[in-house]
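Student: Here's a structure for you.
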Amino acid sequence: MNIFRLTGDLSHLAAIIILLLKIWKTRSCAGISGKSQVLFALVFTTRYLDLLTSFISLYNTTMKIIYIGCAYATVYLIYMKFKATYDGNHDTFRVEFLVVPVGGLAFLVNHDFSPLEILWTFSIYLESVAILPQLFMISKTGEAETITTHYLFFLGLYRALYLINWIWRFYFEGFFDMIAIVAGVVQTILYCDFFYLYVTKGESGSNKINPA
Amino acid sequence: ILKKKKKDEL
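In structure tokens form, the structure reads like this:
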């Protein structure tokens, strides 16, 4: 474990908690893409099946359970509890255009053709594009609540920190996972546009305007 | 060669 991976995990946890609390406190999921949250729940489900097969550390197990729990809780709040506030008219990204190619790629490009490894690879590829419905929704509505932009900032920061973690592990431990690195680079690049706006817009006004 | 790390990352 190194400081970059730890900070990355905490940033990821912060993002997940920020979103869950935002929906719970405001009792509204306006401006939130339910589709992205479903994709994240799918990412965690397919990646953390090894909870049932191997124990790595208390930290590892605890975080996985928290991630899965919060992901499903968020999906529940969006599609069940606060369904009335779900903005389905703007959450129209065709997720099948993500899931199908990612599923096919996971079969073609993986480290090992075993069910667990293919599901892990699927989750890595899916995570890199899972935020697209949310970014698409924001571009359609033309704005995002400040708290949502903090959520996106920490979510984007987490994988950027993981990229540094992978450089660190390659240099100090000789570890190298090409699939995770390439997907992580793609994932982080998708946030670049948002990062630019997040930083340049600062805290001006209550809503951030993102160009379409 | 690409050394596969054990799945110790989240």
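One line per chain: the protein sequences are W and P, in this order. For what it's worth, the numbering used here labels the leading residue of the first sequence as 1, then goes sequentially. For what it's worth, the numbering used here labels the leading residue of the second sequence as 1001, then goes sequentially. All C-beta atoms in this analysis are idealised placements derived from N, C-alpha and C, irrespective of residue type, glycine included. What you are looking at is a predicted structure, and each value in this text was computed from that prediction instead of being measured.
Quick check on W/Glu143: does DSSP put it in helix, strand or coil?
Tutor: Three-state result, W/Glu143: strand.
Student: Which of helix, strand or coil does DSSP assign to W/Leu157?
Tutor: Reduced to three states, the DSSP call for W/Leu157 is helix.
Student: Which value, in whole angstroms, describes the spacing of the CA atoms of W/Phe154 and W/Ser114?
Tutor: Their backbone Cα atoms lie some 33 angstroms apart in a straight line.
Student: Would you call the segment 169 to 181 of chain W and the segment 25 to 45 of chain W in contact, with 3 or more CB pairs under 8 angstroms?
Tutor: Flag = no, the segment 169 to 181 of chain W and the segment 25 to 45 of chain W do not touch.
Student: Determine, using beta carbons only, whether W/Ala180 and W/Trp168 come nearer to each other than 9 angstroms.
Tutor: Cβ atoms of W/Ala180 and W/Trp168: not closer than 9 angstroms.
Student: What residue ranges within the segment 46 to 81 of chain W form continuous alpha helix (DSSP H) runs of no fewer than 4 residues, ordered along the chain?
Tutor: Counting whole runs of 4 or more residues, the segment 46 to 81 of chain W contains the alpha helix (DSSP H) stretches 58 to 76.
Student: Chain P beta carbons: is any one of them nearer than 9 angstroms to that of W/Arg5?
Tutor: W/Arg5 counts as touching chain P.
Student: I'd like the list of long-range same chain contacts for W/Asp193, defined as Cβ closer than 6 angstroms, with 5 residues on each side in sequence excluded.
Tutor: There are no such residues.
Student: Can you tell me where the alpha helix (DSSP H) with P/Leu1010 in it begins and where it stops?
Tutor: Segment: none, P/Leu1010 is in no alpha helix (DSSP H) and carries neither H nor E.
Student: Could one say the Cβ of W/Ser123 lies closer than 9 angstroms to chain P's Cβ atoms, at least one of them?
Tutor: Answer no: the Cβ-Cβ gap between W/Ser123 and chain P never drops below 9 angstroms.
Student: Give the C-beta separation of W/Lys64 and W/Tyr48 to the nearest angstrom, bearing in mind that I take them to be a contact with Cβ-Cβ under 8 angstroms.
Tutor: Confirmed, Cβ separation roughly 4 angstroms.
Student: Taking beta-carbon pairs under 9 angstroms, can you tell me which members of the segment 133 to 164 of chain W lie near chain P?
Tutor: Flagged, chain order: Tyr162.
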